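Numbering (the numbering used here), first residue to last: 218 to 1026.
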Amino acid sequence: MSLRFPGLISILLSVTLILTACESSEERAQKHYESGLALLKEGDVVRAMVEFRNVLQLNPTHKDARLTIARTQLENGDRQSAFGSYAVLVENYPENVEGHVELSEIAFLERDLETASRHGLTAKELEADNQRATIVVGAIDYINARKSGDEAKAAEIAAVVSEYLAMSPSNQIARQVVIEQLISVGDFDKAMPAIDKGLEFEPDDFQLLMAKMRLQVQENNLAGVEETLIRLVAEFPENEELQRMLFAFYLENDNLDGAEEYLRELADAPDAEAGAKMVIVQFLSQYRGIEAARAELNRLIGTGEDNFAFRVMLASMDYEEGKKDQALAEIEALLVDAEPNEETRNTKVLLARMLIDTGNPVGARARVEEVLSVDAGHAEALKLQAVWLTEEDKPGEAIVALRTALASAPQDAEIMTLMGLAHERAGARELAGERYAVAVDVSGSAIPESLRYAAFLAVDERFDAAIAVLQKALERAPQSIDLQSNLAFMYIRERDWNRATRIVWSLRAMETDAATAAANRIETEVLSRQERTEDTIAFLEGLIEDGDNDAATLMALLQNQVRDGRLDAATELMDERLADDPENPELRFLRAGLYTLSDEADKAEAEYRQLLEEFPGNDRILSTLYSRLIANGRDDDANALVEETLAQNPDARAALLIKASRLEGDKDFEGAIEIYERLYATDSSNLVLANNLASLITTHRNDEEGLDRAFAIASRLRGTDVPPFQDTYGWIEYRRGNYEEALAYLEPAAEGLSEDPFVQYHLAMTYIALERVEDARAALNRMMDLESDSDLPQFVSAREELAKLPPAQ
């Protein structure tokens, strides 16, 4: 029999095959599901979950498999995965009450109240009397009532939830509400049993354990606090904050034995890092004394373990105790055969810092270069390199190095601070301020970073911002004397006497010598700024009578007595002090000043010279005596004094500055430049030195190399409003061909330094470059009026330029 409809036969055959395949897939899915249930019953969770996932591969909407997976994940404490599984379930089966209830509870416990509310309300719509959903919704209503301040409503909701808790004692959410309400109304006697009951159901519940500890603190149950903290640390070993809390608890309660024992437990743990043993050494050093720390290091070294780090730390202790050569030799010896790793690189940087401190910058740089040659991103080495680059007036290169360091230490406040210093050196104050602000932020408003940023803001007269920075830092370190003192002087500058006085009270309440001394200084300044001379003197006299021996207090009293015409009283007080302490150099220096005021110049000079013999090159003594000699017309004696001082102390800073100024006055500009270069090499951050050196170079040298060096030095002066600095920077910009930029600085400089012929010359040359003929003529004539017969190149040039100008119109 022939087939008349072959196409129909093939279609029917294919349909049959499809139906057979569907049935086979469902059957296979069911077999995997039943196999999974069996494995689950046997306790083989891993293989069971594999079977359930096989079910979902064959049938993604298999409700029972999805439910079983979600329940298993939740039972095993994997809330996040369970939430995902339940979410897929209710997406496919939106009428599934269990899925919505579980989602609402998980979301609530994770503090996602919006999601918890949505699923809780859905579950109640599907099943109005569902107790678990009712508890979730009630808990959210309770939280909202507390937030809005409706305590009556909160109490009413808590009472209802308490009834549900009685019916379902294991319900975590209901218990949270009940406990929170009991604590909020101060019913601690009932709160603690409620917490303990909850812990019977959930022994490792973090929130319950924390609530228990807080109650124990409230009840001053120190033994209970310790027990609960130990339990928390054991239950949550990865939580470092809990470890810090337990350690702090021991310290706060003067239980050093407990603190040490705890640190040793951490150090002896199988997974403990090597640094844990170092923490013990640091603890012993701070709380048991340096000898205890040394003994521990020697014990660790004697264990035969890898003791490189312990020996380095022991050498560091020697260094801190003044055995610097011995410590350096020990660390150098350790590095000879040390493995090239992170630890040895860190030690080389430590050694570099020691070498800087002991006056060996060459050796320090060599060690830093060694580190960077194998680890170009080593943050600590890059920080040192950046400091050197900034000091060498290479701020751009310093910033590049610091950006590299930032890649490996993005939250390092010191890197931010160093970037700020480099930007300042480059004259980019706005960028510097941004870096200092970030340093404050990443340090958590730490004291050094906050003080630096506040000082930076104060220079720009942004006092409100500076005060805000200090106030925030003080919130985190309320006992800081430095923060309180700086903030007080900011208030005084703003004439906010009340807030400054409140800081005085705060400092006095600390009842320490340092705080009291700071309070005295602030109170003295408040009285002085208010021009209450009588009150100021009475206050200071009271401090002196009470035994205050602070030199600043004595100085302030003497100044006020002299200002008020009480020279005899000041002299009497000083003589009394000297009778008790005749060799005190500070008192002798002040007495010499009183000799000057009472027209006993010979006695004053004799005392100053005697002090200089004992303290050769002392800046304050030398500067004072030199000024006295110059004021009395004894220039030769003054110059001889400087030369004598330099013969005794070639590095005497004040003597070098005076000599440089004298050479400049004598038109020996190269000699002055040489001295300024020498001083600048030792302190390139000094703004006055930088200005003087750059000014001399650009005014008295004409080579391009000198101009480039001067620009590198003076870049930090960009944006300045100080006339001498304006002249320096403006003339450099003129020399570089930036005439409009130069004019913006030189016009105010010439106004502020109207008696300086060189400044008038700089302005005149800028006017000529800008073809402002009459303005140039006026500036050149002003220069000639000040000094017409000089043969210095600038005056020769000025006369030539005047001759070139067209006749006045």
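Glycine included, each C-beta is placed from N, C-alpha and C at the ideal position. Keep in mind it's a predicted model, so treat the numbers as computed, not measured.
Is it true that the CB of residue j sits closer than 9 Å to the CB of residue i?
i     : j     : result
E740  : V721  : yes
S745  : A786  : no
K600  : E631  : yes
S387  : F418  : yes
R933  : G644  : yes
Y984  : M1000 : no
V307  : H336  : yes
A735  : Q701  : yes
E1018 : A959  : no
V395  : A369  : no
A544  : Y536  : yes
A996  : Y951  : no
A931  : A961  : no
L846  : D854  : yes
S902  : A889  : no
A809  : T841  : yes
According to the neighbour-count rule (16 or more other Cβ atoms, all chains shown, within 10 Å of its Cβ), is residue i buried or exposed?
i     : result
P1023 : exposed
P612  : buried
D885  : exposed
F325  : buried
T278  : exposed
F300  : buried
N470  : exposed
K876  : buried
G355  : buried
A212  : Residue 212 lies beyond the stretch modelled for the chain, which goes from 218 to 1026, so this question has no answer here.
A238  : Model confidence at A238 stands at a pLDDT of 45, short of 50, so the residue's coordinates are unreliable; what they give is reported in the following sentence. A238 comes out exposed.
P802  : exposed
Q696  : exposed
A581  : buried
Take residue i and list the residues in its own chain whose beta-carbon comes closer than 7 Å to its own, dropping the five residues that flank it on each side.
i    : result
A966 : P940, Q943, D944, G947, V976
A598 : V566, V585, V588, L589
R264 : L256
R461 : none
H917 : F886
A333 : S321, A324, F325, V353, I357
D792 : none
G969 : P940
F466 : V442, E443, L446
L687 : S667, A671, L700, N703, L704, M707
Once the 5 residues before and after residue i are set aside, which same chain residues still bring their CB inside 8 Å of it?
i    : result
L906 : Y893, L896, Y897, D900
R448 : L426
E513 : I497, V498, L501
E614 : L606
V402 : A372
D422 : Q389, G415, L416
V450 : N456, L459, Q460, L463
When you compare only the Cα positions, how much space is there between residue i and residue j?
i    : j    : result
G224 : G260 : At G224, the pLDDT of 48 sits below 50, so the modelled position is not reliable; the number obtained from the coordinates is stated separately. Looking at the two C-alpha atoms, the distance is approximately 54 Å.
S660 : Q628 : 8 Å
E342 : M409 : 36 Å
A663 : A690 : 6 Å
R363 : Y381 : 20 Å
R738 : A371 : 53 Å
S385 : E490 : 45 Å
I573 : N909 : 27 Å
K541 : Y504 : 24 Å
A993 : Y812 : 51 Å
E822 : L804 : 15 Å
Y708 : N524 : 53 Å
A569 : G594 : 17 Å
V318 : H640 : 58 Å
D973 : Y653 : 37 Å
A486 : E397 : 36 Å
D925 : S723 : 52 Å
Going along the chain, which residues of its own chain have a beta-carbon closer than 6 Å to the beta-carbon of residue i, five neighbours each way excluded?
i    : result
V657 : E666, S667, Y670
L284 : none
Let me see if you follow: with CB-CB separation under 9 Å, is residue i close to chain B or not?
i    : result
S321 : Protein chains in the displayed structure number just one, and chain B is not present.
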